[in-house]
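Comments concern the structure below.
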Amino acid sequence: MSPPSEVDGSEVDERLGGTRKTGRIKESHSTGSLRRSLESKSRTSTPVSDMDCDGVEDEHDGEESETARFEIPDRDDDLLTGTSLSSFTVSKAGITLEAALNVVEGFDMAVDDGDYEAIYNYFDDLFNICRIETTVRKCKIWLRLADSLINAFNAFKPDLANTLCHAVSAGEELSEKLAEACADRIEVLQMIVYLIHRLTFHIEGAVIKRAYNELGITHNSDTNDDEFELEYGNDFESQLETWKELRIKILDMIGFICCINIPRCNGESVENAIKFLWRPAEASSQMLRTLASIIVKFAAHPRFARSSSSSELQKLFSHLRPICVDFKLGSEVARIIVKASLQFEYLNDGKTTEYPLIEPIKKLSVDGDMDQMMSHMLYFVGALRPRENSVQTISKPLALLIQKIAQCAPETFFENIHGILPFLEYDPPQMRSAILGAFCDVVCGPDMKPRYLRPGRDARIVRDAMTEKLQEHINDSNLHVRVQVLNCWIVIANNRRVPFDAIKKGLVFSIAERLYDKTVSTRRVALQFLVLYLLKNPFGKNLNFKALSETSNKLNAFKERVEQINPDLPGVSLVMERFQSFEPKMKRKLETILENGTYEKGSEGIEEEPFESIIALLVDMMETSMRDSLCVLVKLFHLGRFPNINPYASRTELVDALISEFKRYYVSIHISRIGDSFGELLQEMESVYEENMDLAEHALRVTQEKLLFAEQMTQLFPILIKSLKQSGFADASYAVTFCATCERFKIREAASALYDMYKMGNPSLSTEILNTVMLLFIKKDSKGEVDIVETANAVITRLTTEDMRDRHAVSELLYHMFCANKIPVGLVPHLIRIVNEASPSVCKYPALVVLALLTRVDPRGMREYLRDFQRCLRDSEVLAACEAVHAMSYLIPHDQGTFEEEDESFRYRLRAIDSLFPDLENFLFKDRMLIGTVALNLDISLPRGITSCEQSGDRSSALDRCQQRLTG
């Protein structure tokens, strides 16, 4: 922005009427005062002396008050249809092209002679040349007239500065003569500004239209290039350079008007001195709005859609700063920008991705003095209301505006969110997408960090409102909106900003429903969210349901112990009896207050009061002023002062919780007032109680949230499998990734879900599942080699889980994975070493479980470890012996045929005199109480082994008795 113009006081004539310029203003004022009589003489200006002017004023004293001065109108037609004597009117309603050429030439000659007052005589004709519906469509005439008007303003500047200097020095009240001179300057100034404003709209409109035509975009019409040249002149291209120079001069004129500085006699500089012309009133807001409109019109050029033009746009908008800040018209300028930008063609272009007019405002703001403009812009956007049909055609500019403000000023956005929400209920869908995208930007912004979102704060309330809308529109009727909202949730999850309240309200299931969507893009984005949210969940990577349940039970028991009040302690029983005497009445009133929601009437102004003092006051007043006290108690709850009370509880549960919480404070405060050693002890106990209770409640809340999250992930598996069937396995990769991540995080039934998908029979899906299982269990070191110890530990841990369904699923998946890929070299010897060296015996069982699985995979290769399994039968550990028998049931001698060639009965052949049979007999019958357990574990494997011995022709009496005992 150009520096404010300052006029040196030494250059100003000390006598207002002492120069030729000032005399001309006085002459023009006479012309303006007697406009009607002079109009009859074709507005011929005749010099009038000061004395003659006074005489004429006396003669026409009654008429002067009715004579109108020019004011910038809202519409051109207002100057043609004046209905009263106080309205300024134009006598001519049109002009021919030839007359226009003569008028421009005559006005140009007058201005060249320094006679800016000629604008009075030529105004009617100049108006008809410049008006919106003019018949003169020659750009050459407009350019020449614009240059003449700028020259007229330059000639007018010394007299303007001279008058301003006198007005600034005159004090609060202006003399009649000075006031008339100021009125003359105002009239000339507004005429020049008005005509330049109209010419700017014509010429800049032609420039913009040409720019769009060069880009191949039709601008508001279907005019082709030939018609364009006929309308604006064949030499229009050569005149663009002239307009570029004139545009700079127009901006300099605006800078002079808005920023002129005038020195006082004491040397002090008065900024924005133009307002002193209207003293004691403020500067004309209509004129300032007109200046702002000129600047915004320049911003309509499509070059400003490019980011490379941001510095030029910021320089252009710097001329708006004095209008917005110094003259306090930020609201008006915001309205002008919003209204004008709705017609900017480049904002409706699909290639435009952001609204370029916000960034300059943000950069020009000093200490936030222009930030309020963005609030006004959102207000005017909301004032459009979706009921207007025009919103269908202007959705893209509004959408870009809303998104940009949300990115640049999120705090301003959520302060004005209520004016935006109605757009979510109407078409077009682009508007809904933009608003929901803006919500996402705000939720992920710096003003929505968790530390700013404590219950009751405005930021928390607005965040909850925005996430609720985002959750609602997951099921939007429009595909583009659905995908946009799901992408918003992905961004929120990636920034770890998903509120747990949304999880409680079923966010995960709402997104899971999109897995049944007909479009692949929607299903894929929904799965991406589920995977990403699981990876970046706030609860960690250990979500074992059983462990979390045990932790929750322990914390509940600890909390109950902390909350317990011993009624046998001195004084407690008396206080408890007193509380119980009014507890029923308190409960009834509390139910009434919650039902009617009338707690605000008796709880005003408590937000800033210390919690301890309010509670102490409630304890004292509960019996004497119960209703007001209960209103305050409910208000404290809504302010979040009782964090251990569930805000989503039913009314009955909420009443009980509030009474219980108040009861604790009532007893502790009354006991502390006893004043004896017990009271001091109780105070100490109370501080310990508060500390322990806070810890217990926090730990319990986190554990319960973990449980809820883990359980919701488990409930997604059936939905996921069903959606895979419906979609024809199009989203298999993401589904496998989700289940595998759940398996890594120890979420129950994840392995079962993987196995269920494997059993669907889709080859590509089965292959991907087996590759995923390999990644889960085959661990590698930093060199890429298989880490035998880590691999063994991973497989052992998973195959010994207590969940039998998951254990079976993991066993089957590992079996198919090892069948499709070789068993890692060194894994079996490592497990055999554990079996032979482990102490105590209980440590052998996990390794034998894995060995039984590997024996099933490679029954011939594992034959060499038969004697190792046999030794386990002599062990005292029953489960280890059972797994040893399980492993032996799969063994096949080295010389037997392949699996395909062999019948199930010929898996294993062994002589009846082998030492294995006495070992089995001793193991099975050394303790009768073990028979049931062994039968349960060997109901498949042992009869299979016995059958194979029968068919080989070698029967052992021990095996015969064993079979009879186990099979009945």
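Each position in the sequence shown, counted from 1, maps to that position plus 4 in this note's numbering.
No residue lacks a Cβ here, since even glycine has one placed at the ideal position from N, Cα and C.
query                                                                                                                                                                                               : result
Taking only the alpha-carbon atoms, compute the straight-line gap between residue 121 and residue 328 and give it to the nearest angstrom.                                                          : 31 Å
Taking 7 Å as the cut-off, is the C-beta of residue 195 nearer than that to any heavy atom in the ligand FMN?                                                                                       : This structure lacks the ligand FMN; in fact it carries no ligand of any kind.
May I have the straight-line CA-CA distance separating residue 78 from residue 130, to the nearest angstrom?                                                                                        : 18 Å
How many angstroms separate the CA atom of residue 53 from the CA atom of residue 171?                                                                                                              : Because residue 53 sits at a pLDDT of 33, beneath the cut-off of 50, its placement in the model cannot be relied upon, and the following sentence gives the value as read from the coordinates. The alpha-carbon atoms of residue 53 and residue 171 are separated by roughly 23 Å.
Closest by CA to residue 112, which one among 156, 333, 142 and 94?                                                                                                                                 : 156
Can you look up residue 266 in the DSSP assignment and give me helix, strand or coil?                                                                                                               : strand
Along the chain, where does the alpha helix (DSSP H) that runs through residue 529 open and close?                                                                                                  : 524-539
Counting C-beta neighbours from all protein chains within 10 Å, is the total for residue 3 16 or more, i.e. buried, or is it exposed?                                                               : With the chain represented from 5 up to 972, any question about residue 3 goes unanswered, as that position is not in the structure.
How is residue 671 classed by DSSP in three states: helix, strand or coil?                                                                                                                          : helix
When DSSP builds the beta bridges, which residues end up paired with residue 784?                                                                                                                   : 790
Which stretch, first to last residue, makes up the alpha helix (DSSP H) that contains residue 407?                                                                                                  : 399-412
Residue 811 to residue 721, Cα distance in whole Å?                                                                                                                                                 : 17 Å
Using the C-alpha atoms, what's the distance from residue 487 back to residue 532?                                                                                                                  : 12 Å
From which residue to which residue does the alpha helix (DSSP H) around residue 764 run?                                                                                                           : From DSSP, residue 764 is part of no alpha helix (DSSP H); its letter is neither H nor E.
When you compare only the Cα positions, how much space is there between residue 164 and residue 190?                                                                                                : 9 Å
Check for me: the alpha helix (DSSP H) holding residue 129 runs from which residue to which?                                                                                                        : 122-134
Look at residue 308 and residue 267 and say whether their C-beta atoms are less than 8 Å apart.                                                                                                     : no
For residue 277, which option in 419, 287, 413 and 773 has the closest C-alpha, if you only look at C-alpha atoms?                                                                                  : 287
For residue 659, count the other beta carbons within 10 Å of its own beta carbon; 16 or more makes it buried, fewer makes it exposed. Which is it?                                                  : buried
Leaving out the 5 sequence neighbours to the left and right, which residues in its chain are closer than 6 Å to residue 14 when beta-carbon positions are compared?                                 : Note on residue 14: pLDDT 42, under 50, position unreliable in the model; no value is reported.
Residues bridged to residue 273 by DSSP?                                                                                                                                                            : 267
Under the three-state reduction of DSSP, which class applies to residue 355: helix, strand or coil?                                                                                                 : coil
Taking DSSP as the reference, what is the three-state secondary structure of residue 863?                                                                                                           : coil
Cα separation between residue 315 and residue 256?                                                                                                                                                  : 18 Å
Whose C-beta lies closer than 8 Å to the C-beta of residue 133 among residues of the same chain, with five residues either side of it excluded?                                                     : 99, 104, 107, 108, 140, 145, 146 and 149
Starting from the C-beta of residue 892, find all residues in its chain whose C-beta is less than 6 Å away, skip the five residues before and the five after it, and write them out in chain order. : 873
Determine, using beta carbons only, whether residue 482 and residue 426 come nearer to each other than 8 Å.                                                                                         : no
Exposed or buried, what is residue 541 when buried is set at 16 or more other beta-carbons lying within 10 Å of its beta-carbon?                                                                    : buried
Could you check what DSSP says for residue 705 in three-state terms: helix, strand or coil?                                                                                                         : helix
Could you check what DSSP says for residue 699 in three-state terms: helix, strand or coil?                                                                                                         : helix
Near residue 932, which residues of its chain fall below 7 Å by C-beta distance, leaving aside the five closest residues on each side in sequence?                                                  : For residue 932, the pLDDT reaches just 44, beneath the cut-off of 50, and the residue's location in the model is therefore unreliable, although a value from the coordinates is still provided. Once the five neighbours on either side are set aside, residue 932 has no close Cβ partner at all.
How big is the Cα-Cα spacing for residue 746 and residue 780?                                                                                                                                       : 11 Å
If I measure Cβ to Cβ from residue 703 and keep anything under 7 Å in the same chain, skipping five residues before and after, which residues do I get?                                             : 559
So residue 489 and residue 440 are supposed to be a Cβ contact under 8 Å. How far apart are they, rounded?                                                                                          : 6 Å
Sorted by chain position, which residues of the same chain lie with C-beta nearer than 6 Å to residue 563's C-beta, five sequence neighbours on each side aside?                                    : 700
In whole angstroms, give me the CA-to-CA distance for residue 664 and residue 615.                                                                                                                  : 17 Å
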